[in-house]
Amino acid sequence: MKEFPEKMYKTGDDLRREGLTEVIKATHYKTGEPFEYTLYTEEVAEMQRELRRNGLFEMDSWTDEDLIQAYEKAVERSAFYAIKTEYFASVIDDVEDFVKSYNYDDSDAMIDYFDTNFYFFGIGVDDCKQVEKTARIKNKATKIAKAKNNTPKTEKVPEIEKKAGYTYKITKGEDTRDGSELWVARIAETLDRDVYIAENKRMKERGGYYSKFKKGFIFWFDPSETLKTA
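Per my numbering, residue 879 is the first one in the sequence shown, and the count goes up by one each step.
Spelled out as structure tokens, the structure:
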């Protein structure tokens, strides 16, 4: 990927505004009583691991601001350490899914049997740059033709397609940070930017949030009934 029309990576100010942590709701495995605790979000936890792995953050005791400052310095060195915006990450996922749709893979590594149409290692974005796109008007002097009658015509603005619902694939898994249960809901249909933003907002209202690592919406409870009536 060489160009992208909007912001690709989160800045230190974005992290300060969004916060580095999230509240996890869980239930005690013996008593069943609900309780809450705080963890770094998945993207922040992964960013911290990368900084430590490459010797860019070696403090034993730190504040959130210390981590953000280390993040800003690392991003100045390379975009490799930058956290992608949700929109940028979702477009990369869509492009990768599109490429994979042309491939097949009947390989079985357990028996050293490999049968694939082509090997795909993901979309490269190291050289991608933000290039704003504007509407191209060939002739600004062109005038709109007058209507033959005097009846004013109302131009209809195209609306975002409203669907009755989406096809959700729900899988149960666990949080790699603490082993707690979670559910991942993925939408089978491909969404454009405006529809994705609207659906992401609705998912938050239902109690979920999008994870680019899980490539789906994370819930801390089984969302089957919630999404069935959505």
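C-beta atoms are modelled at their ideal positions from N, C-alpha and C, and glycine is treated no differently.
If you're wondering where the values come from, they're calculated on a predicted model, not measured in any experiment.
Check, Outcome
"Distance, Cα to Cα, VAL1009 vs VAL1003?", "14 Å"
"What whole-angstrom Cβ distance do ASP1005 and LYS880 have, given they're in contact under 8 Å?", "6 Å"
"Considering Cα atoms alone, identify which of THR919, LYS908 and PRO883 is closest to LEU898.", "THR919"
"Please name the residue or residues paired with PHE882 in a DSSP beta bridge.", "GLN1008"
"Measuring CA to CA, which of LEU945, GLY1043, GLY1086 and MET937 is closest to VAL1073?", "GLY1043"
"What's the gap between the Cα of GLU1067 and the Cα of ASP972?", "10 Å"
"Evaluate PHE913 with the Cβ neighbour count: other Cβ atoms within 10 Å of its Cβ, from every protein chain shown; 16 or more gives buried, anything less gives exposed.", "exposed"
"Among LYS1047, GLU911, PHE966 and PHE1091, which residue has its Cα nearest to the Cα of TYR887?", "PHE966"
"Please report the straight-line C-alpha distance between GLU974 and ALA923, rounded to a whole angstrom.", "24 Å"
"Could you name the residues of the same chain whose beta carbon sits closer than 7 Å to that of GLU1052, not counting the 5 residues immediately before and after it, in chain order?", "SER1058, GLU1059 and LEU1060"
"Determine the direct distance from the alpha carbon of THR916 to that of SER956, and round the result to whole angstroms.", "29 Å"
"How about THR963 and LYS1079: are their beta carbons less than 7 Å apart?", "no"
"Just list the residues that DSSP pairs ILE1048 with in beta bridges.", "ALA1063"
"Please work out which residues of its chain come closer than 8 Å, Cβ to Cβ, to VAL901, disregarding the five sequence neighbours upstream and downstream, and give them in chain order.", "GLU914, TYR915 and THR916"
"Roughly how many angstroms separate the alpha carbons of LEU934 and THR941, rounded to a whole number?", "15 Å"
"What are the boundary residues of the beta strand (DSSP E) that includes GLU900?", "899-905"
"Taking DSSP as the reference, what is the three-state secondary structure of SER985?", "coil"
"Quick one: what's got a C-beta closer than 6 Å to LYS1050's C-beta in the same chain, skipping five residues either side?", "TRP1061"
"Suppose the cutoff is 8 Å on Cβ atoms and the five residues either side in sequence are ignored; what does the same chain contact list for PHE1091 look like?", "GLU920, GLU921 and GLU924"
"Give the DSSP bridge partners of PHE913, in chain order.", "ALA904"
"For LYS888, does the three-state DSSP call read helix, strand or coil?", "coil"
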